[in-house]
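For the sequence shown, position 415 (counting from the first letter as 1) is numbered 434 according to my numbering, and the numbering increases by one without interruption.
Step one of this worksheet: look at the structure below.
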Amino acid sequence: MVIANRDFIQISTEKIKKEINNQKLVEMYKRCMENTLDTTIKIRDSGLTFILTGDIPAMWLRDSVCQVRPFLIFAKENEEIESMLIGLSKEQVSLVEIDPYANAFNETPNGAGHQADKTEMHPQVWERKYEIDSLCYPIQLAYFIWKITGRTEQFDSAFFKMLQTIFALWEVEQHHETKSPYRFERMDCVPSDTLKRNGLGTETAYTGMLWSGFRPSDDACEYGYLIPSNMFAVVVLGYAKEIIEAFYPREIETIKQAVTLQNDIQLGIEKFGTYNHPTFGEIFAFEVDGLGNQLLMDDANVPSLLSMPIIEYLEKESPIYQNTRKFILSKSNPYYFEGKLAKGIGSPHTPAGYIWPIGLAIQGLTASDKSEKLEILQMLLRTDAGTGLMHESFHPDYPEDFTREWFSWANMMFCELVLDVAGFRMANVLKN
20 MVIANRDFIQ ISTEKIKKEI NNQKLVEMYK RCMENTLDTT IKIRDSGLTF ILTGDIPAMW
80 LRDSVCQVRP FLIFAKENEE IESMLIGLSK EQVSLVEIDP YANAFNETPN GAGHQADKTE
140 MHPQVWERKY EIDSLCYPIQ LAYFIWKITG RTEQFDSAFF KMLQTIFALW EVEQHHETKS
200 PYRFERMDCV PSDTLKRNGL GTETAYTGML WSGFRPSDDA CEYGYLIPSN MFAVVVLGYA
260 KEIIEAFYPR EIETIKQAVT LQNDIQLGIE KFGTYNHPTF GEIFAFEVDG LGNQLLMDDA
320 NVPSLLSMPI IEYLEKESPI YQNTRKFILS KSNPYYFEGK LAKGIGSPHT PAGYIWPIGL
380 AIQGLTASDK SEKLEILQML LRTDAGTGLM HESFHPDYPE DFTREWFSWA NMMFCELVLD
440 VAGFRMANVL KN
């Protein structure tokens with residue numbers, strides 16, 4: 020059994036009962052927590068941790084970190100959780116070493132997944148869509164483990180080598196047009212599953228930001244500079260600098276590399292990533308190309324513009340964040356939808372009009388008003404289609420029309436929102 024000591028679920032359940040008197044919510048919280056522990060997490064004989072995304076038999080670098088966020092909140096009091104998280108961190112380092120451009124991996128080099136894609140595939144790579152956030156999340160996880168538990172064995176020579184690999188790749192992808200070796204094409208698919216211009220992607224000019232082929236939804240970027248993912252990179256470069264100074268203090272050049280990348284990206288966001296909206300004022304764009312084009316929208320997947328406070332890029336009180344949030348949660352965002360039972364953000368990745376529980380959870384976690392958080396929890400409770408679990412997306416009039424019956428990331432985002440309302444907050448655990 021993964022994490023035999025599950026007292027933390029019982030303790031949190033009792034607090035949730037006191038704060039939110041709703042039996043269905045309590046049962047769904049327990050079901051979602053236990054579902055992730057019992058069905059997605061595998062501790063290898065080596066002690067490393069492989070985490071399935073759910074109904075796809077592969078591990079995403081992004082999803083696997085999001086799937087354990089609620090467990091991080093309780094890690095300091097539970098040695099089994101600590102060890103599972105250390106194992107996940109080391110697993111991620113080993114996977115990035117196989118291919119830093121890949122987003123999802125097989126448990127073994129079994130050749131499963133999208134092996135027919137026109138890109139440099141490896142038998143342990145399930146999919147090789149380059150997404151900036153796939154390289155941000157492993158840094159965030161290792162940093163959070165350190166700050167929450169005090170454990171530091173994740174910071175070995177392999178971890179430092181991963182940082183060097185990531186920084187070198189990011190320096191290349193600042194100059195994607197002229198320096199990048201990365202190409203990706205998929206045949207016989209929807210346009211959002213492949214890159215244009217023979218796998219190079221749409222044209223971009225230098226901005227200082229990092230190019231990304233795909234979004235956290237695994238959809239191709241319309242314009243190559245994905246602002247939320249660049250924001251996340253700015254944040255984790257700060258974490259990386261702190262890690263190197265503490266555990267690899269002689270690596271002065273790598274510290275300078277992190278600082279230079281962070282400054283370049285931040286200046287690029289400031290210069291190219293904002294838009295003066297006639298209704299909402301100054302907001303952030305979702306994607307830009309450095310050639311004058313900007314895409315105004317947001318997607319439910321994280322990092323998103325809505326998630327800026329969650330990824331610790333901006334405080335939620337920030338005026339530009341509040342302006343952007345109002346835009347995102349309005350009909351001006353082409354992926355904001357309303358129906359009889361719910362209203363919230365969707366994604367071009369799923370059918371038009373479908374709302375994502377992940378997006379609702381992020382809206383709740385970034386809300387200043389408890390009544391908004393409770394309203395979102397009610398939406399999630401009435402749109403589970405009687406399954407007691409979350410899904411990738413659902414029709415807001417007919418929630419029994421949903422995508423992905425087993426999607427652990429969504430389950431755990433629901434749990435994180437429930438915990439937040441009950442007073443168990445990631446930000447508080449990190450501060451302590």
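Don't be surprised by glycine CBs; every beta carbon is placed ideally from N, CA and C.
In the structure shown, the three-state DSSP call for A277 is helix. Here C208 is exposed: its Cβ has fewer than 16 other Cβ atoms, across all protein chains shown, within 10 Å.
Under the three-pair Cβ rule at 8 Å, the region 310 to 321 counts as touching the region 358 to 366. Collapsing the DSSP output to three states places T385 in coil. Considered as a whole, the region 80 to 155 harbours 144 to 146 as its complete beta strand (DSSP E) runs of no fewer than 3 residues, in chain order. Assignment of M52 by DSSP, reduced to helix, strand and coil, places it in the helix class. Contiguous alpha helix (DSSP H) elements confined to the region 170 to 211 occur at 176 to 192, 195 to 198, taking only those with 4 or more residues. When only Cα atoms are considered, A239 and V255 end up about 23 Å apart.
Among the bridge pairs identified by DSSP, I70 is matched with I60.
Within the model, the alpha-carbon separation for S102 versus H141 is close to 28 Å. With the rule of 3 Cβ pairs closer than 8 Å, the region 418 to 438 counts as touching the region 373 to 388.
By the criterion of at least three beta-carbon pairs nearer than 8 Å, the region 195 to 205 is not in contact with the region 160 to 179. When the beta-carbon positions are compared, M327 and R88 stay at least 9 Å from each other. Judged by DSSP in its simplified three-state form, Y244 adopts strand. By the C-beta criterion, the region 108 to 115 is judged to be in contact with the region 76 to 90, since at least 3 inter-stretch pairs fall below 8 Å. Under the DSSP definition of a beta bridge, Y294 partners with I302.
Of the residues P338, Y354, T138, L219, the one whose Cα lies closest to the Cα of L314 is Y354. Residue environment analysis places K389 among the exposed positions, since fewer than 16 neighbouring C-beta atoms fall within 10 angstroms of its C-beta. For E289, the three-state secondary structure derived from DSSP is helix. Rounded to whole angstroms, V191 and C51 show a C-alpha spacing of 40 Å. Judged by beta-carbon spacing, F291 lies within the 9 Å limit of M228, meaning their Cβ atoms are closer than that value. Only residues of its own chain outside the window of five on either side were considered, and among them T59, I60, M78, S83, Q86 have a CB closer than 6 Å to the CB of I70, listed in chain order. Under the rule that a run must span 4 or more residues, the alpha helix (DSSP H) segments found entirely inside the region 386 to 420 read 389 to 400. Distance check between S211 and each of V45, L384, E241 places E241 closest, using alpha-carbon atoms only. When rounded, the separation of the alpha-carbon atoms in L408 and M47 is 7 Å. When Y120, T343, P338, E334 are compared, the shortest CA-CA separation from D237 is found for Y120. With a cutoff of 9 Å on beta-carbon distance, A187 and S108 are scored as not near each other. Checking the DSSP bridge columns, you'll see L160 has no partner listed.
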